[in-house]
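Below: the structure, in structure tokens.
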Amino acid sequence: MEVKVDSGWAKAEAGDWLTGRAQPAAFTGKVTVKSLRGFIVPDRAFVRAVTSDGEIYCSASDAPFLTRLDALPDEPLNLVSEKLLIAPLSARAGAKAVKLIPFSLQRATPVTEFMGGWAMAATKSRVARVALEDGGTLTVRPESVVAWIGRAPTGFCPKLSIWDVVLPRAPRNLAFTFHGPATVWFEGGSVPLTRRQKARMMVA
Numbered sequence: 081m082e083v084k085v086d087s088g089w090a091k092a093e094a095g096d097w098l099t100g101r102a103q104p105a106a107f108t109g110k111v112t113v114k115s116l117r118g119f120i121v122p123d124r125a126f127v128r129a130v131t132s133d134g135e136i137y138c139s140a141s142d143a144p145f146l147t148r149l150d151a152l153p154d155e156p157l158n159l160v161s162e163k164l165l166i167a168p169l170s171a172r173a174g175a176k177a178v179k180l181i182p183f184s185l186q187r188a189t190p191v192t193e194f195m196g197g198w199a200m201a202a203t204k205s206r207v208a209r210v211a212l213e214d215g216g217t218l219t220v221r222p223e224s225v226v227a228w229i230g231r232a233p234t235g236f237c238p239k240l241s242i243w244d245v246v247l248p249r250a251p252r253n254l255a256f257t258f259h260g261p262a263t264v265w266f267e268g269g270s271v272p273l274t275r276r277q278k279a280r281m282m283v284a
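Residue numbers (my numbering): 81 to 284.
Printed below as a string of structure tokens:
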């Protein structure tokens, strides 16, 4: 299954697709949109299963840059779920919540896994790609991470303040550190959403 990309839009033919929450923006024919089912589905709040008998048009008004990411047949492509625009539904291999803080879901990032297919990411800026050799490291701000192939990143905090220790909150300067061999895609930095903004988005 393929899509055509033109002027920030992805046009897909009839079929079964995995899309972002606000997709498709337009379509011909009949479309059915459903949430993913299951007991534990970390990416459920951010993606939808779409079945169409006509063409669908996908684009995100707040994320106009589209990047196609190809998954390997034997190693998952891990895409930050809220940055998914569209992918073949059959390519989804699972999902997980990647933790910045070990054993805590605080500041965890929902990630969708793809195997042997492809996924289209929608981002606020152009995407950079870095290939890490064995033993190499790359540290990326959490809101800038788009996708990766390789081991899951670890949380990194360059400096802790006394307030980070005293108050029941996650340190504000946490980051993801990737360890090679790996391939990492990331976009430009931005002000991250507050916890209240994320909560409103998940119930909308």
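The beta-carbon is built from N, C-alpha and C at its ideal position, and this holds for glycine as well. Small disclaimer: the values here were computed from a predicted structure and weren't measured.
Closest residue to residue 112 among 96, 118 and 122 (Cα-Cα distance): 96
For residue 176, the three-state DSSP class (helix, strand or coil): strand
Taking only the alpha-carbon atoms, compute the straight-line gap between residue 150 and residue 199 and give it to the nearest angstrom. 7 angstroms
Looking only at its own chain, which residues have a Cβ that is under 7 angstroms from the Cβ of residue 83, when we skip the five neighbours before and after it? 90, 91, 92, 166 and 200
State the Cα-Cα distance for the pair residue 216 and residue 255, rounded to the nearest angstrom. 16 angstroms
Apply the 10 Å Cβ neighbour rule to residue 139 and answer buried if 16 or more other Cβ atoms are within range, or exposed otherwise. buried
For a quick check, are the C-beta atoms of residue 225 and residue 160 less than 8 angstroms apart? yes
Report buried or exposed for residue 132, applying the criterion of at least 16 other Cβ atoms within 10 angstroms of its Cβ. buried
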